[in-house]
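Student: What follows is a single structure, and I will ask about it in a moment.
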C-alpha cells in the first residue's frame, strides 16, 4: 500500500517536475523578451539622445550593442531560478482548478503521520496528474513586451535615417578640433623631417625644434580649443623668435645672412664643382664658337628648310627639280655655317645626298636628326654659359669670397692654405703670395667675427716665419667659418619652423586644413605668398639689430619687380595716403575710437579673393589677440569685427 | 478501507438528508446546504430572514429526518432563563415528604429550535451561552451535561425591530454559521404553493441515527488541510482585524471588531465538510472562500461609518476575499 502511494507520489512529482521545467523555460523566454524590450528602449533612448545632443560617436555603437546584453541578462534572470515543486504544485492547482489536490498531496505525501488520509489524497492527486500536459499547461506565446520591443527596434532603425541635429557652435568646435589635429600632425611631421635631414648644431636650437615637435604631437593627442591651440602656438613661436634673436646677436652672421638673402640657390656649389661641370659640358659640346643666340638662328633656318622639304615631298612633280636644287644649295650653305660655328652636323650632308638621290623621306629624316642635335647642343651651350656666369661670380681669392659672402668657398680656400703651410713646401714667392692674400682678406673678414682675428694672427705668424702657427690660425679661421655656417643653418631651420608655426596659427585661426592654408605675405628669400601682396613680415627681423642698417643694394629681387599697368602714379606718395598719427585714449567698456581717412581708390582687378584676404586678416587678428597685443578692453570688439568679416 | 467507507457513508448520509429535506423545503439550496454543513461540523446555526420563508419548517424537518430528540422554544419578551434551562420545583415524594426536583427545560434535547431568538431579553438569551459553547447548563447550583449531539438552530427576524433585543456579540460568536434566508424565486414559490394548498401531506423519514451522525462528525474532523490552505484561512481572519498590519484596507475603514478565532475554526471545519460533500479528500481554497460569508458575517462588528453608508459585513467579506491572495507564495507564470 505504501509502495503504491510512493509510486503515485512519484507520478505527481514527475508531472510537476516537467511542468516546472517548462515553466522555467517560459520564464526565461519571457525574460528574454523583457530584456529585449529594455534593451530596445535604451537603444531608442540613446539613439534619440545622440540625434539631439552632441554625444560622442561611440554612444551610437553603444546604442546598437546595448540590446544584446539586456537580452542575455533577461534570459538569465528569467531562467535563473528553478521553480520549486511546491510552488509549481500550487501554480498548477490554480491553473487547472485542481482544488489544491497536487499541493496537498505533495505535503501529505512526504508526511508519514498523514496516514490513510494522506494516501487517499496522493491517489486522488495522481489520478489528476496523469492528465497533465506541460505543453498545454505552459504554452510558449509571445508576451506583450515582445510587440513593444519590436516597435522600439523599428523606431531605432527608423531613427538611423534621421539626420542628427548639431548646433553651429558644436560643428565649429569639431572642425576646430580636426583642424588642430591636422595642423599638429603636419607640424610634427615637418619638424621631424627637418631634424632628420639636418640635426641642429646648437643644443638650444635642437631643444626649440623638439618643443615644436612636442607641440605638434600634443595637438594630435589632446582635445584643445582654438584659443588654447593659438596660445600654445604663440608661446612656442615666441620661444623660436627669442632663439632667433639670440642667434642674430652674433655679428658674424650678418654677412652670411645677407648672402643668403641675395642668393639664387646655386651659390652653395663650390668653384671646383662648377669647374668640373663646365669641363664636362665643354667636352660634350666640343669647341663651338657660336653663342646660343646664333644657334637659335641656325635652328630657325633649319626649321624653314624642313618645311620646304616637306612641301617638296608632297608635290613629287617635274616642276620641283628647281626647288630641289634650291633646297640643296640652302642646306649646303647651312652646313657651311654650322662648320664655321664649330658644330659637327653630318646629317646635313646626308640630307644633301638624299636630296640628290631624290629621296625626300630620307631628307626629312636627316633634317629632323640635325634639328634634334642642334637643340641639344644649344641647351648645353646655354647651361655652359650659365655655369660660366656663376663661376665668374665666385670669388677668385679669399678676400673676394669673404666679401661676396661665400663662406663655403672661403672655408675651402682657408683649409687649402692651412694644408699648404703645414706641408711647409712653399717657396718664398708662394709664401709671399699667400701672405698677401691673407692680408687682403683681413678687412672683408671683419664681418665674420673672430675670423678676422685669426687671419690677422695668421698674417703676423707668416710674416714672422711661423708657418705651423699660421697654418693653425688659418685652420681656426676655417673652423670659425664652419661654426658660423652651422649657426646660419640653425637660424634658417628656426626661420623655416617659425614660418610653419605661422602657417599653423593661420590654419587654426581660420579653421582651414594645412593644405588649404598658405602663409600670406612675403617670405624672406622666396616668392611672396598668395595672400594680399604686401603684408608686413613680422618675422623679417629675426636678427633685428640689423634692421636699422640694412643694406640691400645689389640684391636682385626679380620676383619683386613691378609688373603690369598701375594707376597709382609715379613719384611721391599721395598726400592722402601719408600716415597720420592719431592720439587715442583707452576707454574700457566704451566704444572703439574711429577716424575717417581719405583714401585713393585703387583701380584694377585684385588677384586675391576676398575670403582669402579676410581669412588672412582673421588669422593675424587671432594671433595678435592670443599674444595679448590687443588691450584687453578691446579684445571683444576686435574679435567680433573679424568674426563678422568671415560671415 | 475504513476511511474510504466512512467517506462514502458521509456522502450517502448527506445525500439522503438532503433528499429528505428537499421533500419539504422547496429551493433554498444554499440555506439547506449551510444548515447541513453546520450540522456535520457540530455547530449552531442562526437563520435570519423575514417571516414565512420556511426557517422554522427547515429546522423542524431536520429534526424529523434525524433520529434525534427535538424541542422548540418560542422566544418571547417574557421568556425567562428557567423556561429554557429548567428549574427546581417542590415535588411530593412517596412518604409524604416533599423535596426539590430539577425539571429539565427544552434545552435538554439534541436539536433545539430557538424561534425568533431576538425577541427574548438579553438575560434570557444569555441562558444559552453556556449551553451552546460547553454543551452543559448550570441550574440550581448543579452542572448538568446536555445530550450529544447538541445543536441550536435559531431564527430571527430582521424587521419588527420594536420589542426585539439584538443578540449580544458573545452570543452571536457561538453560532457556527449565520445563514440569510432569502425569498424564493418564481418556480420555487409556485412549488411551495402547490405543495401547501392541496392538502397533500409529506412523510419525512428518519435517515440518520444519532450514532451515525456522531461518527460522521468524527470523520469530518479527520479531513486533512494543507498548510497553505490553513494559512489562507488564517490570513482571511487576520484581514478582518482593524488596526493591525494584516488588516485589509476595507476592514480598517469600516470595522470596529474583527472575527474571533471561532471564525477561523468555522472556516476550516466547514471547508472540510464541503470537501467531503464534493468527493475530495482535501480542503481547497474554494472551500474556505465559499463558507467565509456564512462563517464570518456575524462575527464582524461594523463601525458607525459603515452603518451610515449602508455597508454590510457581506460587502466587507467579499472585498477581503478579493484582497487576500489565496497563495501568497505562488509566483504566477
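Chains as they are written, first to last, in our numbering: chain B, 38 to 684; chain U, 1189 to 1521.
Cβ coordinates follow ideal geometry from the N, Cα and C atoms, glycine included.
1. Out of curiosity, what's the CA-to-CA distance linking residue 559 of chain B and residue 492 of chain B?
2. For residue 1233 of chain U, does the three-state DSSP call read helix, strand or coil?
3. Hey, quick one: how far does the beta strand (DSSP E) through residue 1307 of chain U stretch, first residue to last?
4. Kindly list the residues whose CB is nearer than 6 angstroms to the CB of residue 659 of chain B, restricted to its own chain and excluding five residues on each side of it in sequence; keep chain order.
5. Ignoring anything shorter than 3 residues, give me the beta strand (DSSP E) runs that lie fully in the region 1216-1292 of chain U, in order along the chain.
6. Buried or exposed: which applies to residue 1416 of chain U, given that a residue is buried once 16 or more other Cβ atoms fall within 10 Å of its Cβ?
7. How far does the beta strand (DSSP E) with residue 1327 of chain U in it reach, from first residue to last?
8. For residue 1385 of chain U, count neighbouring C-beta atoms within 10 Å of its own C-beta (all shown protein chains included) and say buried if the count is 16 or more, exposed if not.
9. My guess is that residue 1220 of chain U and residue 1380 of chain U are in contact by the Cβ rule of under 8 angstroms, so how many angstroms apart are they, rounded?
10. So the beta strand (DSSP E) residue 1330 of chain U belongs to, where does it begin and stop?
11. What residues in its chain sit with their C-beta under 6 angstroms from that of residue 513 of chain B, if we drop five residues either side in the sequence?
12. When burial is assigned at 16 or more other CB atoms within 10 Å of the CB, is residue 304 of chain B buried or exposed?
13. Between the alpha carbons of residue 166 of chain B and residue 1421 of chain U, how many angstroms are there, rounded?
14. CA-CA distance, residue 403 of chain B and residue 328 of chain B?
15. Residue 1406 of chain U CB to nearest chain C CB: under 7 angstroms?
16. Return yes when the Cβ of residue 1425 of chain U is within less than 7 angstroms of the Cβ of residue 1451 of chain U, no when it is not.
17. Taking only three categories from DSSP, how would you classify residue 1456 of chain U?
18. Among B:550, B:385, B:282, which residue has its Cα nearest to the Cα of residue 223 of chain B?
19. Please name the residues in the region 1448-1479 of chain U whose beta-carbon is closer than 7 angstroms to at least one beta-carbon of chain B, in chain order.
20. Given that residue 1410 of chain U touches chain B, what residues does it touch there, using C-beta distances under 7 angstroms?
21. Check the DSSP bridge columns for residue 1448 of chain U and list the partner residues they point to.
22. Please check if any C-beta of chain B sits within less than 7 angstroms of the C-beta of residue 1229 of chain U.
23. Identify whether residue 1365 of chain U lies in helix, strand or coil by the three-state DSSP scheme.
24. Looking at the secondary structure, which residues open and close the alpha helix (DSSP H) in which residue 1408 of chain U lies?
25. Kindly indicate which three-state DSSP category residue 559 of chain B falls into: helix, strand or coil?
26. Taking Cβ positions, are residue 1369 of chain U and residue 1340 of chain U nearer each other than 7 angstroms?
27. Cβ of residue 170 of chain B less than 7 angstroms from any chain U Cβ?
28. Would you call the region 334-349 of chain B in contact with the region 308-322 of chain B, where contact means no fewer than 3 C-beta pairs closer than 8 angstroms?
29. Distance cutoff 7 angstroms, beta carbons only. Does residue 1515 of chain U sit that close to anything in chain B?
30. Going by DSSP, name the residue or residues bridged to residue 543 of chain B.
31. What is the C-beta distance between residue 60 of chain B and residue 125 of chain B, in whole angstroms, given that I count them as a contact (C-beta under 8 angstroms)?
32. Using the beta-carbon of each residue, which ones in chain U are nearer than 7 angstroms to residue 158 of chain B?
33. So, is residue 117 of chain B buried or exposed, given that buried needs 16 or more other C-beta atoms within 10 angstroms?
34. If we cut at 7 angstroms on Cβ distances, does residue 192 of chain B have a partner in chain U?
35. Would a check of beta-carbon distances place residue 1417 of chain U closer than 7 angstroms to chain B?
36. State the Cα-Cα distance for the pair residue 1324 of chain U and residue 1378 of chain U, rounded to the nearest angstrom.
Tutor: According to the structure shown:
1. The residue you call residue 559 of chain B lines up with position 522 of the first chain. The residue you call residue 492 of chain B lines up with position 455 of the first chain. Bear in mind that a pLDDT of 48 at residue 559 of chain B, under 50, signals an unreliable position, so the number given afterwards is only what the model happens to contain. C-alpha separation (whole angstroms): 38 angstroms.
2. The residue labelled residue 1233 of chain U in the question sits at position 45 within the second chain. In this structure, residue 1233 of chain U counts as strand in the three-state DSSP scheme.
3. If you number the second chain from 1, residue 1307 of chain U lands on position 119. Taken as a continuous stretch (DSSP letters only), residue 1307 of chain U belongs to no beta strand (DSSP E), as it is neither H nor E.
4. As a position in the first chain, residue 659 of chain B is number 622, starting the count at 1. These residues qualify, in order along the chain: 267, 546.
5. 1232-1236, 1258-1262, 1274-1280, 1286-1292
6. Mapped onto the second chain, residue 1416 of chain U falls at position 228. By the 10 Å Cβ count, residue 1416 of chain U comes out buried.
7. The residue you call residue 1327 of chain U lines up with position 139 of the second chain. First-last of the beta strand (DSSP E) with residue 1327 of chain U: 1324-1327.
8. As a working mapping, residue 1385 of chain U is identified with position 197 in the second chain. So residue 1385 of chain U ends up on the exposed side.
9. On the second chain, residue 1220 of chain U is found 32 positions in, with the first residue counted as 1. On the second chain, residue 1380 of chain U is found 192 positions in, with the first residue counted as 1. Not confirmed; about 14 angstroms, so no contact.
10. In the second chain, counting from the first residue as 1, residue 1330 of chain U sits at position 142. Taken as a continuous stretch (DSSP letters only), the beta strand (DSSP E) holding residue 1330 of chain U covers 1330-1333.
11. Taking the first chain and counting its residues from 1, one reaches residue 513 of chain B at position 476. Hits under 6 angstroms: 491.
12. Residue 304 of chain B sits at position 267 when you count from the first residue of the first chain. Residue confidence is low: residue 304 of chain B scores 47 on pLDDT, short of 50, so the model does not pin down where it sits. No coordinate-derived value is stated.
13. Residue numbering aside, residue 166 of chain B sits at position 129 when the first chain is read from its first letter. Residue numbering aside, residue 1421 of chain U sits at position 233 when the second chain is read from its first letter. Rounded to the nearest angstrom, the two C-alpha atoms are 26 angstroms apart.
14. Within the first chain, the letter at position 366 stands for residue 403 of chain B. Within the first chain, the letter at position 291 stands for residue 328 of chain B. Distance between the alpha carbons of residue 403 of chain B and residue 328 of chain B is about 24 angstroms.
15. Absent here is chain C; the protein component of the structure consists of chains B and U.
16. Residue mapping note: residue 1451 of chain U aligns to position 263 of the second chain, counting from 1. Residue mapping note: residue 1425 of chain U aligns to position 237 of the second chain, counting from 1. Yes.
17. If you number the second chain from 1, residue 1456 of chain U lands on position 268. If DSSP states are grouped into helix, strand and coil, residue 1456 of chain U belongs with the helices.
18. Start at 1 with the first residue of the first chain, and residue 223 of chain B comes out as number 186. Considering only alpha carbons, the answer is B:550.
19. 1468, 1469, 1470, 1472, 1473, 1474
20. Locating residue 1410 of chain U in the second chain gives position 222, counting from the first residue. Those within 7 angstroms of residue 1410 of chain U in chain B are 154.
21. As a first step, residue 1448 of chain U is located in the second chain; it is residue number 260 there, counting from the start. None, per the DSSP bridge assignment.
22. Within the second chain, numbered from 1, the residue matching residue 1229 of chain U stands at position 41. No, because no Cβ of chain B sits closer than 7 angstroms to the Cβ of residue 1229 of chain U.
23. As a first step, residue 1365 of chain U is located in the second chain; it is residue number 177 there, counting from the start. DSSP places residue 1365 of chain U in strand when its eight states are reduced to three.
24. Mapped onto the second chain, residue 1408 of chain U falls at position 220. Element bounds for residue 1408 of chain U: 1398-1410.
25. What you label residue 559 of chain B is simply residue 522 of the first chain in a count that begins at 1. For residue 559 of chain B, the pLDDT reaches just 48, beneath the cut-off of 50, and the residue's location in the model is therefore unreliable, leaving the point undetermined.
26. Residue 1369 of chain U sits at position 181 when you count from the first residue of the second chain. Residue 1340 of chain U sits at position 152 when you count from the first residue of the second chain. No; because the gap between Cβ atoms is not below 7 angstroms, this pair is not in contact.
27. By 1-based counting over the first chain, the position of residue 170 of chain B is 133. False, the Cβ-Cβ gap to chain U never drops below 7 angstroms.
28. no
29. For this step, residue 1515 of chain U is matched to residue 327 along the second chain. With 7 angstroms as the cut-off, residue 1515 of chain U counts as an interface residue toward chain B.
30. What you label residue 543 of chain B is simply residue 506 of the first chain in a count that begins at 1. Answer is none; residue 543 of chain B lacks a bridge partner.
31. Within the first chain, numbered from 1, the residue matching residue 60 of chain B stands at position 23. Within the first chain, numbered from 1, the residue matching residue 125 of chain B stands at position 88. Between residue 125 of chain B and residue 60 of chain B the Cβ distance is about 6 angstroms, and since that is below 8 angstroms, they are a contact.
32. Residue mapping note: residue 158 of chain B aligns to position 121 of the first chain, counting from 1. Under the 7 angstroms cutoff, chain U gives 1412, 1469, 1470.
33. Within the first chain, numbered from 1, the residue matching residue 117 of chain B stands at position 80. It counts as exposed.
34. Position 155 of the first chain, counting from 1, holds the residue named residue 192 of chain B. No, because no Cβ of chain U sits closer than 7 angstroms to the Cβ of residue 192 of chain B.
35. Within the second chain, numbered from 1, the residue matching residue 1417 of chain U stands at position 229. Answer yes: the Cβ-Cβ gap between residue 1417 of chain U and chain B drops below 7 angstroms somewhere.
36. Counted from its first residue, the second chain places residue 1324 of chain U at position 136. Counted from its first residue, the second chain places residue 1378 of chain U at position 190. Each residue's Cα considered, the two are about 43 angstroms apart.
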